[in-house]
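Residue numbers (the numbering used here): 1302 to 1984.
Working notes, structure below.
Here's what the structure looks like:
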């Protein structure tokens, strides 16, 4: 009996011990969405009988995790945007040869090479053995004590013979004013942490004095002799020996009237005689759809252009033709008014949806909507068929000029102003710089396409345009769609903007496919717009409304250029020599023409696209000339990239602008050709 009691006491003791040791160890306090999930679980577990009429929402922890993932994605996008802009500044303003997909390792390697170190492909970095200096002459008896800086000879980087000593370099870098020290990388201090993705690298102020940069990396102690000489030549505007860039002059649209007649043949001859004396390579002529096929479909009138081309042939000039499928001029521009064909406007009176339409229902008759590219609403033809018939008629009419090789290129108009873009910034509707513009997708054909895309995506309620995108002259921060962390980066916003830009790409693909058939063997050109205002904001609102999905966390030009690469197209980019409006307006618009042009040109070069340029700057402006020349053929480019050709667009005939203008234009053309020592124009 005692044995049984002992066994029972032992069993009770063991049960008590197991209960004592079964408590789990204390856990760490959860953080983030895990803390919220634990709190929700604890609330459910602690409540034995929940109050009547209340319920616990399932999936609370999962929702918190999804929110945290979205916040993490946003932070990562901000970091990538800042990094990409820092790399862009180093490439553009520091002349660092960083690859397209550079990372911090590439930056460190470039800095080490700039400091004179050797960096192997595997990342091994070391200082090269210094060359022993020549023996110094014996010092005089009363020589001053040696300079302590002379003991740093093994650490000196590439040195050249220069009047600047290490001591003077040290004095310059240590005594430079604070604004000079911070001029290389300037960040707007007024930006909030939430808009760090809009931080940009701005160009330092360039003074007229040579080599006054306070940065030791760019000083004469840290560059070799050829780089120093190159900088001196850049300051002097020397373009002798640079690559040859052909120059074309655009003839004014008023030389052909609305009945396709050459207005004044003798004035044209006088104009071409002046241009021939300037040694230009050729001229550019706009062939307007609204003139050639003006009155009836399939009735093409080319007589005026035939007379003009025969005169150009007499002067043995090359010819580039622009097939313009948009309207021209108006009260705002003062140019000759050339509308779309009359029979197109008649169709538009009964069916206004053939034109682009904004959110308020206003129709833009500048060009046809891309929604009718495959709709037979133009007297039995689609929009694409109308364009192809026009191109084919031109090719058959001027077959002799193609055979002679006189026509060197055909530029295809793909949108507003002949550029590949939506008519989102139309002055005749009320837009003024620097407004963000409006989306042009509210005609019934575009809306049908949008509903189809939303249904395929599985979200039929996304079949609508943004209702908080402002109006033509709004600023991004005034809208809920384009502001920092606005709806443009939401799930719906990304869907809509991708669809909107894809319509632009599809239109270009369809037209260029037929243009390649009509002009086989001829260089095709497509004009890319320069939309640089609001470029330093996170959304890039003006580019979004124009059809380029190019916010800071997205490269909107890559898919467009991939398409142009497929069709072997030359892109013609608008070079901006000066921004419209005052300096205050430019600052308020957060514009960055240099940054936008750098992105476009580098994206094109990465795909090995042929690039041309166009500008209408004043030749009397020396700074504008230098900027255009440096963009056309940058002399600090180790690969010697340069434009395929350059088109200069004048506002009036050359012979009417005076001898001073002709002299300045002659100097500019010679600089483009690489035949002039300096750009000798008036300041």
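Idealized CB from N, CA, C, for every residue including glycine.
All values derive from a computational prediction rather than experimental measurement.
Check, Outcome
"Please report how far the alpha carbon of residue 1524 lies from the alpha carbon of residue 1621, in whole angstroms.", "Low confidence applies to residue 1524: its pLDDT is 40, below 50, so where it sits in the model is not reliable enough to give any reading."
"Between 1596, 1598, 1668, 1604, which lies nearest to residue 1556 when the distance is taken from Cα to Cα?", "1604"
"Please state if the CB of residue 1738 and the CB of residue 1688 are separated by a distance shorter than 9 Å.", "no"
"From 1415, 1796, 1584, pick the residue whose C-alpha is nearest to that of residue 1954; which is it?", "1584"
"Can you give the beta carbon distance from residue 1657 to residue 1741, rounded, assuming they're within the 8 Å contact cut?", "4 Å"
"Looking only at its chain, what residues have a beta carbon closer than 6 Å to the beta carbon of residue 1673, apart from the 5 residues adjacent to it on each side?", "1655, 1684, 1746"
"Would you mind working out which of 1546, 1416, 1408, 1705 sits nearest residue 1976, comparing C-alpha positions?", "1546"
"Closer than 7 Å by C-beta to residue 1778: which residues in its own chain qualify, once you throw out the five before and the five after it? Chain order, please.", "1784"
"Inspect the beta-carbon positions of residue 1561 and residue 1586 and report whether they are closer than 9 Å.", "no"
"What did DSSP end up calling residue 1968 once you bin it into helix, strand or coil?", "helix"
"Would DSSP call residue 1594 helix, strand or coil?", "coil"
"For residue 1864, which of 1918, 1805, 1899 has the nearest alpha-carbon?", "1805"
"For the putative contact between residue 1782 and residue 1770, defined by C-beta atoms under 8 Å, what is the C-beta separation to the nearest angstrom?", "4 Å"
"Once you ignore the five residues that flank residue 1929 on each side, which residues in its own chain have a CB closer than 7 Å to its CB?", "1876, 1878, 1916, 1918"
"Cβ atoms of residue 1380 and residue 1899: under 9 Å apart, would you say?", "no"
"By the DSSP assignment, the beta strand (DSSP E) with residue 1664 in it spans what residues?", "1664-1669"
"Indicate the three-state DSSP secondary structure (helix, strand or coil) for residue 1732 in the structure shown.", "coil"
"Since residue 1893 contacts residue 1833 with CB under 8 Å, what's their CB separation in whole angstroms?", "6 Å"
"Which ranges would you report for the alpha helix (DSSP H) in the segment 1649-1698 if only whole runs of at least 4 residues count?", "1684-1698"
"Considering only C-alpha positions, which residue in the set 1652, 1829, 1731 is nearest to residue 1717?", "1829"
"Spatial neighbours of residue 1588 within its chain, please: C-beta separation below 7 Å, excluding the five flanking residues on both sides.", "1606, 1622, 1623, 1624, 1625, 1695"
"Sorted by chain position, which residues of the same chain lie with C-beta nearer than 6 Å to residue 1786's C-beta, five sequence neighbours on each side aside?", "none"
"Rounded to the nearest angstrom, what separates residue 1802 and residue 1711 at their Cα positions?", "25 Å"
"Report all residues from its chain with a CB closer than 8 Å to the CB of residue 1702; omit the five preceding and five following residues, and keep chain order.", "1610, 1614, 1620, 1708"
"Assign residue 1711 to one of three DSSP states: helix, strand, or coil.", "strand"
"Using three-state DSSP, classify residue 1587 as helix, strand or coil.", "strand"
"Over the uninterrupted beta strand (DSSP E) stretch that includes residue 1827, give me the two end residues.", "1824-1829"
"Would you kindly work out how many angstroms separate the C-alpha atoms of residue 1974 and residue 1405, rounded to a whole number?", "39 Å"
"Here's a check: name, in chain order, each residue in its chain whose Cβ is nearer than 6 Å to the Cβ of residue 1418, leaving out the five neighbours to either side.", "1426, 1428"
"Where does residue 1866 sit, in a helix, a strand or coil, going by DSSP?", "helix"
"Please name the residue or residues paired with residue 1621 in a DSSP beta bridge.", "1585, 1710"
"For residue 1756 and residue 1970, I'd like the C-alpha separation in whole angstroms.", "55 Å"
"Between residue 1531 and residue 1942, what straight-line distance do the alpha-carbon atoms span, to the nearest angstrom?", "For residue 1531, the predicted model reports a pLDDT of 40, less than 50, meaning its position is unreliable; a value from the coordinates is still stated below. Whole-angstrom Cα-Cα distance: 17 Å."
"Measure the C-alpha to C-alpha separation of residue 1245 and residue 1372 and round it to an integer number of angstroms.", "For the chain, the structure presents residues 1302 to 1984; residue 1245 sits outside this window and is missing."
"How would you write the range of the beta strand (DSSP E) that residue 1916 sits in, first residue to last?", "1912-1916"
"Going by the beta-carbon positions, is the gap between residue 1820 and residue 1692 smaller than 9 Å?", "yes"
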